[in-house]
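Student: Just so you know, the protein sequences line up as chains Y and H, in that order. Following my numbering, the numbering of the first sequence begins with 31 at its first residue and continues without gaps. Following my numbering, the numbering of the second sequence begins with 31 at its first residue and continues without gaps. Glycine included, every Cβ here is placed at the ideal spot set by N, Cα and C. None of the values given here were measured: they were computed from a predicted structure. Sharing a structure, written as structure tokens. Questions coming.
2 protein chains.
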Amino acid sequence: MDNKRGLVPRKIKGFRDIDANLNELRWNIINKASKVYQSYGFEHLDTPILEYAECLGKYMPDEDTVDKGVYSFKNPEIEPVFRADGKRELRDADNNVVMDHAFLSMRYDLTAPLSRVYAERLWTRAIKNQLVEGTAPLFRRYQFGPVFRYETKLDPGRFRQFWQLDFDTVGSSDVASDAEVCMILSDALKAIGLAQSDFKIRVNNRKILKGFLHGQGITTPLQEQAILRVIDKLDKIGLRGIEFELGKGRKDKSGAIIPGLGLDEKMVSNFLSFFEIFSESDMNRGQVIEALGEKIGNNEVSKEGLQELNRINSVLAESGLSDEAVLFDPTLVRGMAYYTGPIFEVESTQFYLDHKGRERRVGSICGGGRYDGLVKQLLGVNVPATGASIGVDRLAELLTLTNRGGTAQGPLLITVLDKEMMPEYQKIAKELREGGVNTEVYYGPNQGFKKLKKQLSYADDKNCPIIILLGSDEFEKGVVSVRDLKMGREIADEVTDKKEWRARVQHEVSRTDLVSFVNQLLNK
Amino acid sequence: MDNKRGLVPRKIKGFRDIDANLNELRWNIINKASKVYQSYGFEHLDTPILEYAECLGKYMPDEDTVDKGVYSFKNPEIEPVFRADGKRELRDADNNVVMDHAFLSMRYDLTAPLSRVYAERLWTRAIKNQLVEGTAPLFRRYQFGPVFRYETKLDPGRFRQFWQLDFDTVGSSDVASDAEVCMILSDALKAIGLAQSDFKIRVNNRKILKGFLHGQGITTPLQEQAILRVIDKLDKIGLRGIEFELGKGRKDKSGAIIPGLGLDEKMVSNFLSFFEIFSESDMNRGQVIEALGEKIGNNEVSKEGLQELNRINSVLAESGLSDEAVLFDPTLVRGMAYYTGPIFEVESTQFYLDHKGRERRVGSICGGGRYDGLVKQLLGVNVPATGASIGVDRLAELLTLTNRGGTAQGPLLITVLDKEMMPEYQKIAKELREGGVNTEVYYGPNQGFKKLKKQLSYADDKNCPIIILLGSDEFEKGVVSVRDLKMGREIADEVTDKKEWRARVQHEVSRTDLVSFVNQLLNK
């Protein structure tokens, strides 16, 4: 037996089951936020879990295996390949249609599928050259659901399948729609149950940084990305760390050497003096705009970015979002390469205690930004777009860690003291449900009066508030016994005498009064 | 350009996007039915989209390609292989741990993952031999979400990703829980909005058929499956067709020859005389039980099945489900091989007209049954289980075809007549939202008074009930123009004069009365 393959029931690493309590939390987040998204005019869209890899862009597997963070595989179906103009099938030298098994990917976010949806709708106009830049139609949608990342290194608490809850405005270059992103995130988080002081929304504009880098002679996207990646670590490694990583490199805690970008000292000091002002500052939005105005000089890109921040500020002011709620933070970078303008991050301000009693933070719970170039990869025409995403699982984790997790209440349980009375139990169950009480009849293996203890432990495991006991004696008397398990749990420590405990939690109720009695108990 | 590969934004065949209207329908179905499931004591479970292929059982890809109706691929991660006893890793002759890229599958239903969850929870007890048959704990869960089938032949209206909405009771052999399945399906469909007369629930017990087949000398599962598959076609091909397919075969409409099973005439006539009684009969449940009692003879398996039907009938009677609502139909088979006892099917009784004006039926909208052997594949111990599934997409299709589809109402739209007034528009939007009105500010490319027409057509596309118009003149007067688009659409045919039309649908309202005025219009 030892040298044979076995079958062990298990989940794939990085995947998990969601139980009733966590589902309560998850769906409270989704339903509350969706309602807020709707209240701003976003419509509900759903897209497939599986897409053509090339239509999701960016990540492209180049082998037969899943690669680069995305679960991908070859389509089992063979299909014609399209020509570059998209109008007809590609043909080989012998004029045969070229066939291929395309790569399919499980979606890694909800933004790439949105780009596909938008591009697909405008495709006919695009290939007829009828789509002029600046006239792409407005489309506002929200979407929620699982996304998938094949992370080879999984940090604790991170998963390969996790839920996102996105809203996006495609077709608007007006940064008022970026200001709106902040309003929506704020409204949604409050609707979910967070207090204003539980989170801060940080805003920056990539154009300001980009322009500043241009001013320093950094012009290639590769250099830009490398520098932004360093600046993104400011929170973790501080200004001193930034200085080393932009310059000569440094050793981290473990003694490992992190190579620097090797920028010259003058440039590094220019960067530092830029970030020094804003790092850990408590300037309000107006002061940040003023300070930036002095710092950025005459670079056109930066000036455009600053102008946009100005418009965002005036819209925010009118919509009642204070300088404490929404901060302008010129040091904010965010990872994604596709952002082109305003960027957003919501940070939880709350602490929790880890298993060693140390104070910890959950950190970022939402993120977003403007990505005017993303749709272009599919459509060939620039289409402005902005939006943000709530990390549903991250937020659920935060709520759980700060003791605001979901507790799913179990149903009332009708115990089965006599198997033959099953039709009667059903009748009572029906009445209770019609009276608004969630009611389960016990169908487990331990039916009968003698196995009541096992039925009770089932009720306890399931957090049932009440059980009902009905044998043939009670039936003939026209009564039912109702035991208040919720109260029973509450007084269990204080009342240790079994008889007294039962006298206090168990009530004999007339059959006709049952529904109203139970409802009274539940509403107590 | 012609001979290069192109990138065309598109969905994979058999996959689709779900728009706001269809989402409204989908989530109404899910939310209403979930509430019913909860009211019976089922808890909400969610499982991953991706699972180890072997843990889903049944369908196993034996090549590097996706096969046999399931999307499968090799895990990019290499992992240790388990020994047959499940306790440790398998080792090769040199005592090295055997490593493998396991196959992963996208779930093809929600029942197989439930078996995995249940088996995983009891695994430790099972490998210690502490799990005795008949003592497996009770677990009742509901789950909804997309499932995936790689169908090579896609009928119109069928999809490769579709949603199911399941509830199951694992650990109960009491067929009262099967009776409950009927109650739940009935309650759920009514909660969703179907009338009692819109559907019929058909019930049978596999044991009766199985016993009957035994009595005819059919004992191997292969023979049994083949015969059941023929009987399953009764609705389509009628008794006459069954006769041929059990016997010598037949020609179908296209002239293609369908081979028969080649059973001898005596046996075929026995089958026919069995099914004749029940096909198209209008016996009530009691009469079916009586007729079966006469037909099945002394076969123990059949007798057990009949006894179960009897218990189901007595529970159903007490729970108010009439003979019209729940039928006993001994000809019902259902496809899945894993059913072992009672089986269920809900059939829509409604017709719709197809594009040629012909009457059509949607057919089956829910199905389920008892599958006492499924968990055993993973756990090695028989665990009784029963449940059913609502086909969410099928039901949504039915509702759409019978003109009860969802219509998502758009938000109120604040048009942008003057870009500089954006902060003011935001302020109004905020007030309206706080007053309970879904409100969108127009951020599209066509801002400004001159492009109002394009903004109006956006509002029409989005089914907005109201738009708001506010320029600097109105602003100074402290008023706002409110146009009732809903009424505008209603009277468009009758009032053709533009001026008159506008006079009837457009109102100048004081800024302070705006929210209450809009609410009045919406509640009209």
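Should the region 435-445 of chain H be regarded as contacting the region 473-489 of chain H, the criterion being three or more beta carbon pairs within less than 8 Å?
Tutor: Between the region 435-445 of chain H and the region 473-489 of chain H, the count of C-beta pairs closer than 8 Å reaches three or more; the two stretches touch.
Student: Counting only beta-carbon atoms, is H:N468 nearer than 8 Å to chain Y?
Tutor: As a first step, residue 468 of chain H must be located in the second sequence, where it is residue number 438. Yes, because at least one Cβ of chain Y sits closer than 8 Å to the Cβ of H:N468.
Student: Within the region 350-435 of chain H, note down every full beta strand (DSSP E) run reaching 3 residues or more, in order along the chain.
Tutor: 356-358, 372-378, 381-383, 389-391, 394-400 and 415-421
Student: Who pairs with Y:Y172 in a beta bridge, going by DSSP?
Tutor: Residue mapping note: residue 172 of chain Y aligns to position 142 of the first sequence, counting from 1. Per DSSP, the beta bridge partners of Y:Y172 are Y:H74 and Y:F197.
Student: Return helix, strand or coil for Y:N235, following the three-state DSSP convention.
Tutor: For the purposes of this step, residue 235 of chain Y is taken as residue 205 along the first sequence, with counting starting at 1. In this structure, Y:N235 counts as strand in the three-state DSSP scheme.
Student: Any beta carbon of chain Y sitting closer than 8 Å to that of H:V392?
Tutor: As a first step, residue 392 of chain H must be located in the second sequence, where it is residue number 362. H:V392 does not count as touching chain Y.
Student: Less than 8 Å separating the beta-carbons of H:V298 and H:G277?
Tutor: If you number the second sequence from 1, residue 298 of chain H lands on position 268. If you number the second sequence from 1, residue 277 of chain H lands on position 247. Contact: yes.
Student: Got a sec: is the Cβ-Cβ distance from H:I48 to anything in chain Y below 8 Å?
Tutor: The residue given as residue 48 of chain H occupies position 18 in the second sequence. Chain Y contact via Cβ: present.
Student: Which of the residues in the region 206-234 of chain H, read from start to end, lie with their CB under 9 Å from any CB of chain Y?
Tutor: Contacts with chain Y (Cβ-Cβ distance below 9 Å) from the region 206-234 of chain H involve A206, S207, A209, E210, M213 and D217, listed in chain order.
Student: Output, in sequence order along the chain, the residues in the region 126-143 of chain Y whose CB is closer than 7 Å to any CB in chain H.
Tutor: If the cut-off is 7 Å between Cβ atoms, the region 126-143 of chain Y has L134 near chain H.
Student: Closer than 8 Å by beta-carbon distance: list the chain H residues that pair up with Y:A149, in chain order.
Tutor: Within the first sequence, residue 149 of chain Y is the residue found at index 119, counting from 1. The answer, in chain order, is P39.
Student: Can you check whether the CB of Y:W153 is closer than 8 Å to the CB of Y:P176?
Tutor: Residue mapping note: residue 176 of chain Y aligns to position 146 of the first sequence, counting from 1. Residue mapping note: residue 153 of chain Y aligns to position 123 of the first sequence, counting from 1. Result no, Cβ atoms of Y:P176 and Y:W153 do not sit closer than 8 Å.
Student: Buried or exposed: which applies to H:K480, given that a residue is buried once 16 or more other Cβ atoms fall within 10 Å of its Cβ?
Tutor: By one-based count along the second sequence, residue 480 of chain H stands at place 450. It counts as exposed.
Student: Indicate whether at least one CB of chain Y lies closer than 8 Å to the CB of H:Q194.
Tutor: As a position in the second sequence, residue 194 of chain H is number 164, starting the count at 1. Cβ-Cβ to chain Y under 8 Å: no for H:Q194.
Student: Excluding sequence positions up to five away, which residues of its chain have a Cβ less than 8 Å from the Cβ of Y:N549?
Tutor: As a position in the first sequence, residue 549 of chain Y is number 519, starting the count at 1. So the qualifying residues of the chain are G465, G466 and V467.
Student: Using three-state DSSP, classify Y:R188 as helix, strand or coil.
Tutor: By 1-based counting over the first sequence, the position of residue 188 of chain Y is 158. Coil at Y:R188, not helix or strand.
Student: Would H:M136 pass as a contact of H:Y82 if the rule is Cβ separation under 8 Å?
Tutor: If you number the second sequence from 1, residue 136 of chain H lands on position 106. If you number the second sequence from 1, residue 82 of chain H lands on position 52. No, the pair does not count as a contact, with Cβ atoms beyond the cut-off.
Student: Measure the Cβ-Cβ separation of H:F374 and H:G397 and say whether it is below 8 Å.
Tutor: Walking along the second sequence from the start, residue 374 of chain H turns up at place 344. Walking along the second sequence from the start, residue 397 of chain H turns up at place 367. The answer is yes: Cβ separation under 8 Å.
Student: Spell out a yes or no on whether the region 360-377 of chain H and the region 207-224 of chain H are touching, meaning 3 or more CB-CB pairs, one atom from each, closer than 8 Å.
Tutor: Counting C-beta pairs closer than 8 Å gives three or more between the region 360-377 of chain H and the region 207-224 of chain H, which meets the contact rule.
Student: Given 8 Å as the limit, is there contact between the region 43-51 of chain Y and the region 524-532 of chain Y, that is, 3 or more CB pairs closer than that?
Tutor: no
Student: Counting only Cβ pairs nearer than 8 Å, list the residues of chain H close to Y:A438.
Tutor: Within the first sequence, numbered from 1, the residue matching residue 438 of chain Y stands at position 408. Those within 8 Å of Y:A438 in chain H are E73 and H74.
Student: With a 10 Å radius around its C-beta and 16 neighbouring C-beta atoms as the bar for buried, classify H:Q226 as buried or exposed.
Tutor: Residue 226 of chain H sits at position 196 when you count from the first residue of the second sequence. That one is exposed.
Student: For Y:C85, would you say it is in contact with chain C, using Cβ-to-Cβ distances shorter than 8 Å as the test?
Tutor: Here chain C cannot be found, since the structure's protein chains are Y and H.
Student: Mind pulling the chain H residues with CB within less than 9 Å of Y:Q477?
Tutor: Locating residue 477 of chain Y in the first sequence gives position 447, where the first residue counts as 1. The answer, in chain order, is D204.
Student: Taking only three categories from DSSP, how would you classify H:S303?
Tutor: Locating residue 303 of chain H in the second sequence gives position 273, where the first residue counts as 1. Reduced to three states, the DSSP call for H:S303 is helix.
Student: When burial is assigned at 16 or more other CB atoms within 10 Å of the CB, is H:L184 buried or exposed?
Tutor: Counting from 1 along the second sequence, the entry for residue 184 of chain H is found at position 154. H:L184 comes out exposed.
Student: Mark Y:R171 as exposed unless 16 or more other C-beta atoms lie within 10 angstroms of its C-beta, in which case mark it buried.
Tutor: Your numbering for residue 171 of chain Y matches position 141 in the first sequence. That one is buried.
Student: Kindly indicate which three-state DSSP category H:T526 falls into: helix, strand or coil?
Tutor: In the second sequence, the residue the question calls residue 526 of chain H occupies position 496. Looking at H:T526 - three-state DSSP - the assignment turns out to be coil, as it is neither helix nor strand.
Student: Mind checking if H:E338 is an interface residue toward chain Y, Cβ cutoff 8 Å exclusive?
Tutor: What you label residue 338 of chain H is simply residue 308 of the second sequence in a count that begins at 1. Judged by the 8 Å Cβ criterion, H:E338 is not in contact with chain Y.
Student: For Y:M451, decide whether its Cβ has a neighbour in chain H, counting only Cβ atoms nearer than 8 Å.
Tutor: Residue mapping note: residue 451 of chain Y aligns to position 421 of the first sequence, counting from 1. Output row for Y:M451: interface = no.
Student: Which runs of the beta strand (DSSP E) at least 3 residues long sit entirely within the region 104-175 of chain H? Give them in chain order.
Tutor: With a minimum length of 3 residues, the continuous beta strand (DSSP E) runs that stay inside the region 104-175 of chain H are 133-136.
Student: Three or more C-beta pairs under 8 Å: does that hold for the region 298-308 of chain H against the region 332-347 of chain H?
Tutor: no
Student: With hydrogens ignored, establish whether the beta-carbon of Y:E338 is closer than 7 Å to any heavy atom of the ligand SAM.
Tutor: Although the ligand SAM was asked about, the structure shown includes no ligands whatsoever.
Student: Which term fits H:Y240, buried or exposed, when burial requires 16 or more other beta carbons within 10 angstroms of its beta carbon?
Tutor: Residue mapping note: residue 240 of chain H aligns to position 210 of the second sequence, counting from 1. In the sequence on display, residue 240 of chain H carries Lys and not Tyr. Flag for H:K240 reads buried.
Student: Just the C-alpha distance for H:R541 and H:G478, rounded to the nearest angstrom, thanks.
Tutor: In the second sequence, the residue the question calls residue 541 of chain H occupies position 511. In the second sequence, the residue the question calls residue 478 of chain H occupies position 448. C-alpha separation (whole angstroms): 21 Å.
Student: Of the residues H:M313, H:A367, H:F381 and H:N412, which one's Cα is nearest the Cα of H:G399?
Tutor: Sequence index remark: in the second sequence, residue 399 of chain H carries index 369 (1-based). Comparing Cα-Cα distances from H:G399 to each of H:M313, H:A367, H:F381 and H:N412, the minimum goes to H:A367.
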